[in-house]
């Protein structure tokens, strides 16, 4: 198992030239990120709490980041390259593989720190949206995105411009992989600024009125994400990233801890590649 290096955006090791992940796999996750962003940007319109004094106070974990700062640009680039290299690394066969088992690697880990994740979200996500004609435009009133990795929780937040003022909206989600391999991301708390608001009421209202603020091109994904936050369905039944060389990376566990997101993975053969070998 690869031990995450606290000095790196993700665990690193040397390898032959990596193979790029399939654009279709990246595109699916990219659309989910964008749908999440657009849903959050519209959420302030479904509650009357926007006038409360605490809504313009940032969460304690928010921090500062300038997306034009060369160091932020460098961190975003470093994370994307390091994570891509780990995904496509040529790994040895698992030691305990039986002769009848399909090829797979030993379990390995990467650890992503919040500083690099925030740099990527605020520098590269906007570029991805601009470069994909199937994506909606970056919402004009969306000022910033943040994540914070706590003990078993991912805090996700956005800063929005509303009536010449800045508003903050955040949610705490508890990611986990169930025994059947599905990945779940239920929301446990929602805040506007530092003001907690009822999670169930907000998500139910958002589901009923999603067509008012989610673009038609993202409506299906947007409604699905709201069901995910309600804990009604998984964000993925089969959390894998397909690679072009016949392999795929399967996510086995996701653990937010001490400012880092630790991903436990296994590289394996895809079903279509396994069939060709047989």
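Residue numbers (the working numbering): 8 to 285. Quick reminder that beta carbons are idealized off the backbone N, C-alpha and C, glycines included.
> In its own chain, which residues sit with a C-beta less than 6 Å from the C-beta of residue 183, not counting the 5 before and 5 after it?
Replying inline: Start at 1 with the first residue of the chain shown, and residue 183 comes out as number 176. Same-chain partners within the cutoff: 191.
> In whole angstroms, what separates the C-alpha of residue 83 from that of residue 203?
Replying inline: Taking the first residue of the chain shown as 1, we reach residue 83 at position 76. Taking the first residue of the chain shown as 1, we reach residue 203 at position 196. Between residue 83 and residue 203, the C-alpha separation is close to 31 Å.
> Where DSSP assigns a beta bridge to residue 260, which residues make up the other side?
Replying inline: Sequence index remark: in the chain shown, residue 260 carries index 253 (1-based). Residue pairing of residue 260 in beta bridges, as defined by DSSP: 271.
>> Three Cβ pairs or more, each shorter than 8 Å: is that satisfied between the stretch 225–242 and the stretch 73–91?
In response: no
>> Distance check for residue 173 and residue 274, CA to CA, integer angstroms please.
In response: What you label residue 274 is simply residue 267 of the chain shown in a count that begins at 1. What you label residue 173 is simply residue 166 of the chain shown in a count that begins at 1. So the alpha carbons of these two residues sit roughly 43 Å apart.
> Quick one: Cα of residue 5 to Cα of residue 109, how far?
Replying inline: This structure leaves residue 5 out entirely; the chain is present only between 8 and 285.
> Which residues in the same chain have their Cβ closer than 6 Å to the Cβ of residue 246, if we skip the five residues on either side of it in sequence?
Replying inline: As a first step, residue 246 is located in the chain shown; it is residue number 239 there, counting from the start. 190 and 258.
> Can you check whether the CB of residue 266 is closer than 7 Å to the CB of residue 90?
Replying inline: Within the chain shown, the letter at position 83 stands for residue 90. Within the chain shown, the letter at position 259 stands for residue 266. Not a contact, by the Cβ cut-off of 7 Å.
>> According to DSSP, simplified to helix, strand and coil, what is residue 239?
In response: In the chain shown, residue 239 corresponds to position 232, counting from 1. It is coil, neither helix nor strand.
> In angstroms, rounded to a whole number, what distance separates the CA positions of residue 199 and residue 162?
Replying inline: What you label residue 199 is simply residue 192 of the chain shown in a count that begins at 1. What you label residue 162 is simply residue 155 of the chain shown in a count that begins at 1. If I take the Cα positions, the gap works out to 13 Å.
>> With distance defined between alpha-carbon atoms, name the residue in 117, 98, 76 and 269 nearest to residue 159.
In response: Locating residue 159 in the chain shown gives position 152, where the first residue counts as 1. Closest by alpha carbon: 269.
>> Suppose the cutoff is 6 Å on Cβ atoms and the five residues either side in sequence are ignored; what does the same chain contact list for residue 64 look like?
In response: One-based indexing of the chain shown puts residue 64 at position 57. So the qualifying residues of the chain are 200 and 201.
>> Once DSSP output is grouped into helix, strand and coil, what is the label at residue 205?
In response: Counted from its first residue, the chain shown places residue 205 at position 198. Correct three-state label for residue 205: coil.
> What span of residues does the beta strand (DSSP E) with residue 172 cover, start to end?
Replying inline: Working through the chain shown from its first residue, we reach residue 172 at position 165. From DSSP, the beta strand (DSSP E) with residue 172 extends over 172–180.
> Alpha carbon to alpha carbon, what distance is there between residue 126 and residue 166?
Replying inline: Translated into positions along the chain shown, residue 166 becomes position 159. Translated into positions along the chain shown, residue 126 becomes position 119. Distance from the CA atom of residue 166 to the CA atom of residue 126, rounded to whole angstroms, is 15 Å.
>> Checking the sheet assignment: what are the DSSP bridge partners for residue 156?
In response: By one-based count along the chain shown, residue 156 stands at place 149. According to DSSP, which records beta bridges pairwise, residue 156 is partnered with 161.
>> If I follow the unbroken beta strand (DSSP E) through residue 122, where does it start and stop?
In response: Residue 122 sits at position 115 when you count from the first residue of the chain shown. Segment 121–138 is the alpha helix (DSSP H) holding residue 122; no beta strand (DSSP E) there.
> With distances taken from CA atoms, which of 141, 115, 132 and 188 is nearest residue 244?
Replying inline: For the purposes of this step, residue 244 is taken as residue 237 along the chain shown, with counting starting at 1. If we check each option's Cα against that of residue 244, 188 comes out closest.
> Quick one: what does DSSP say residue 166 is sitting in, helix, strand or coil?
Replying inline: Start at 1 with the first residue of the chain shown, and residue 166 comes out as number 159. Of the three classes helix, strand and coil, the one that applies to residue 166 here is strand, per DSSP.
>> From the DSSP secondary-structure annotation, give me the bridge partner or partners of residue 190.
In response: Residue numbering aside, residue 190 sits at position 183 when the chain shown is read from its first letter. For residue 190, which the question treats as bridged, DSSP gives the partners 184 and 243.
> From which residue to which residue does the alpha helix (DSSP H) around residue 83 run?
Replying inline: Taking the first residue of the chain shown as 1, we reach residue 83 at position 76. Note, residue 83: alpha helix (DSSP H), 77–95.
> Taking all protein chains shown into account, do 16 or more other C-beta atoms lie within 10 angstroms of the C-beta of residue 205, making it buried, or fewer, making it exposed?
Replying inline: Taking the chain shown and counting its residues from 1, the one referred to as residue 205 is at position 198. Exposed: under 16 other Cβ atoms inside 10 Å.
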